[in-house]
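From first to last, the protein sequence lines stand for chains A and B. Per my numbering, residue -7 is the first one in the first sequence, and the count goes up by one each step. Per my numbering, residue -7 is the first one in the second sequence, and the count goes up by one each step.
There are 2 protein chains.
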Amino acid sequence: MQNRIQEMRKAMRVTQNELADAVNVSRQTIISLENGRYNASLVLAHKIAKYFGVAIEELFVFDEEEE
Amino acid sequence: MQNRIQEMRKAMRVTQNELADAVNVSRQTIISLENGRYNASLVLAHKIAKYFGVAIEELFVFDEEEE
DNA sequence: AAATAAAGTAAAGCATACTTTACTTTCGAA
DNA sequence: TTCGAAAGTAAAGTATGCTTTACTTTATTT
């Protein structure tokens, strides 16, 4: 699964810190998500999508081969 | 967070077993999700939503007060 | 009413999301 | 070119999603 968090964050000119605060997680979590170290939980995915004003499916790219 | 898994599953006349197999998790996982014991991961949420042919946001009800 | 399928509970164990702390690297401005 | 902000790495610890096994309860069908 890929995501467009960094892309959208930069488009909105927001720092990792600001995003982390806005959705109530640590900056580490944002870094790890952006760098593909793990996947967001459903709740976090929803919060970030909402923050960017998009649907979860627009923010996360579910490559259909994945299991 | 609430979800409409049981509701949609019954509407489609599918058993917990069939759904579990279709999205590749154990039956326990479906039971626990339906009974609100925990939240689905993003990947699982996507698979179930896809199985039912709806968007994640239609299947999961994110009550905005939650944290 | 008896048999079978479907749904549920319980609990131990593993995998992964997320936190915290501390330190390093990159980058844009003064 | 240096200084500070932003981004990144590493690693140990906690929380939670998911599995597995085994047994119980509720529905449905015959």
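For every residue, glycine included, the Cβ atom is placed at its ideal position computed from N, Cα and C. Computed from a predicted model, the values in this text were never measured in an experiment.
Would I48(A) count as contacting chain B if we go by Cβ distances under 7 Å?
Walking along the first sequence from the start, residue 48(A) turns up at place 56. Judged by the 7 Å Cβ criterion, I48(A) is in contact with chain B.
Contact set for F44(A): own chain, Cβ-Cβ below 6 Å, skip 5 residues either direction
For the purposes of this step, residue 44(A) is identified with residue 52 of the first sequence, where counting begins at 1. For F44(A), where only same-chain residues beyond five positions count, the Cβ hits under 6 Å are M0.
List the whole-angstrom C-beta distance separating I40(A) from A32(A), where the pair is believed to meet the contact cut-off of C-beta under 8 Å.
The count along the first sequence starts at 1 and reaches residue 40(A) at position 48. The count along the first sequence starts at 1 and reaches residue 32(A) at position 40. Correct: roughly 7 Å between the Cβ atoms.
Does A12(B) get closer than 7 Å to chain A when you measure Cβ to Cβ?
Stepping through the second sequence from its first residue, residue 12(B) is reached at position 20. No, no contact with chain A.
Could you tell me the boundaries of the alpha helix (DSSP H) in which F44(B) lies?
Here residue 44(B) is taken as the residue at index 52 of the second sequence, counted from 1. That run of the alpha helix (DSSP H) goes L34 to F44.
Using DSSP bridges, identify the partner residues of F52(A).
Indexing the first sequence from 1 puts residue 52(A) at position 60. In the DSSP output, where bridge partners are listed per residue, F52(A) has N(-5)(A).
Given a cut-off of 7 Å on the beta-carbon distance, is the pair L51(B) and R5(B) in contact?
In the second sequence, residue 51(B) corresponds to position 59, counting from 1. In the second sequence, residue 5(B) corresponds to position 13, counting from 1. No.
Can you give the Cα-Cα distance for R29(B) and I22(B), rounded to whole angstroms?
Taking the second sequence and counting its residues from 1, one reaches residue 29(B) at position 37. Taking the second sequence and counting its residues from 1, one reaches residue 22(B) at position 30. One C-alpha to the other measures close to 10 Å.
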